[in-house]
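Visitor: Residue numbers (UniProt numbering): 1 to 225. Virtual Cβ for every residue (Gly too), placed ideally from N, Cα, C. Nothing here was measured: the structure is a model prediction, and the numbers come from that model.
Structure (structure tokens):
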């Protein structure tokens, strides 16, 4: 009887391990497919989409609309989420592991994706849209620290999607609302002519996958253990 029970347990453990490997493989495949899609979409955006879309939104200069969007785009600034994440950690670390580590994930995701975005901005040196309209400059000129050459990727988009992804993990019932809000914030950077569409796509993917990586690698068991 004991041997039979041990055999059943061993079989279940083997099945669980197989399922975990299958899930991990599926996630790896999804990440690889997303990376491939980005590798295709970003160059297409650069050569075919960025300028027409940017010129279109440049022609829409309704003052009240622009003012409203500036309020929306301010929600993509990292300080809101860094402070909120730290506060959640401090307040809930002795009450709720899920909320406390969720706050730390929010802080870590926004901080890490922001650092990565700034590093890429400096290394790649992409001209912002206002240089295109003022001086006809479009493209990359590597190694810049001047704001006008820090367009790729969008830091606001990275922050917005990093925060949205974290909040979606904390409150899965509101996942659609969080992602929708994140995409609206990210898109506002295009409408305001602060970034090109490919900048925003790259920043959004950076924020999203930073959160996914940190969650899977460091926070999943702590938040759901």
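Measuring CA to CA, which of 36, 97, 90 and 183 is closest to residue 76?
Guide: Looking up residue 76 in the chain shown gives position 76. Comparing Cα positions, the closest option is 183.
Visitor: Determine the direct distance from the alpha carbon of residue 215 to that of residue 129, and round the result to whole angstroms.
Guide: As a working mapping, residue 129 is identified with position 129 in the chain shown. As a working mapping, residue 215 is identified with position 215 in the chain shown. Whole-angstrom Cα-Cα distance: 34 Å.
Visitor: Given that a residue counts as buried once 16 or more other Cβ atoms are within 10 Å of its Cβ, and exposed if not, what is residue 194?
Guide: As a first step, residue 194 is located in the chain shown; it is residue number 194 there, counting from the start. When all chains shown are included, residue 194 counts as buried.
Visitor: Reducing DSSP to helix, strand and coil, say where residue 140 ends up.
Guide: Here residue 140 refers to the residue found at position 140 when the chain shown is read from its first residue. Strand at residue 140.
Visitor: Looking only at C-alpha atoms, which of 35, 115 and 171 sits nearest to residue 155?
Guide: As a first step, residue 155 is located in the chain shown; it is residue number 155 there, counting from the start. Residue 155 has its Cα closest to that of 115, out of 35, 115 and 171.
Visitor: Would you mind listing the alpha helix (DSSP H) stretches within the segment 123-199 that are 4+ residues and don't spill past its ends, in chain order?
Guide: For the segment 123-199, whole alpha helix (DSSP H) runs of length 4 or above, ordered along the chain, are 129-135, 155-170 and 175-191.
Visitor: Return the Cβ separation of residue 54 and residue 113 in integer angstroms, given the expectation that the two are a contact with Cβ distance under 8 Å.
Guide: By 1-based counting over the chain shown, the position of residue 54 is 54. By 1-based counting over the chain shown, the position of residue 113 is 113. Residue 54 to residue 113, Cβ: 24 Å. No contact.
Visitor: Looking at the secondary structure, which residues open and close the alpha helix (DSSP H) in which residue 221 lies?
Guide: The residue labelled residue 221 in the question sits at position 221 within the chain shown. Start and end: 220-224.
Visitor: Give me the residue from 196, 206 and 204 with the minimum Cα distance to residue 44.
Guide: Walking along the chain shown from the start, residue 44 turns up at place 44. Taking only the C-alpha atoms, the option nearest residue 44 is 196.
Visitor: Please state whether DSSP places residue 60 in a helix, a strand or coil.
Guide: Position 60 of the chain shown, counted from the first residue, corresponds to residue 60. The answer is coil: DSSP assigns residue 60 none of H, G, I, E or B.
Visitor: Got a sec, what are the start and stop residues for the alpha helix (DSSP H) residue 81 sits in?
Guide: In the chain shown, counting from the first residue as 1, residue 81 sits at position 81. Residue 81 -> alpha helix (DSSP H) spans 78-92.
Visitor: Closer than 6 Å by C-beta to residue 220: which residues in its own chain qualify, once you throw out the five before and the five after it? Chain order, please.
Guide: Here the question's residue 220 lines up with position 220 in the chain shown. Hits under 6 Å: none found.
Visitor: Roughly how many whole angstroms lie between the Cα atoms of residue 37 and residue 208?
Guide: What you label residue 37 is simply residue 37 of the chain shown in a count that begins at 1. What you label residue 208 is simply residue 208 of the chain shown in a count that begins at 1. Whole-angstrom Cα-Cα distance: 15 Å.
Visitor: Output yes or no for whether 7 Å exceeds the beta carbon distance between residue 86 and residue 107.
Guide: Numbered from its first residue, the chain shown carries residue 86 at position 86. Numbered from its first residue, the chain shown carries residue 107 at position 107. A contact, by the Cβ cut-off of 7 Å.
Visitor: Might you give, ordered along the chain, the residues of its own chain that have their beta carbon closer than 8 Å to the beta carbon of residue 124, omitting 5 neighbours on each side?
Guide: The residue labelled residue 124 in the question sits at position 124 within the chain shown. Cβ within range, chain order: 140, 142 and 152.
Visitor: Exposed or buried, which one is residue 189 when buried takes at least 16 other CB atoms within 10 Å?
Guide: Along the chain shown, read from residue 1 onward, the residue named residue 189 stands at position 189. Buried, because 16 or more other Cβ atoms sit within 10 Å of the Cβ of residue 189.
Visitor: Under 8 Å, with one C-beta from each stretch per pair, do the segment 88-107 and the segment 164-171 reach the 3-pair mark?
Guide: Touching, yes, given that three or more Cβ pairs across the two stretches are closer than 8 Å.
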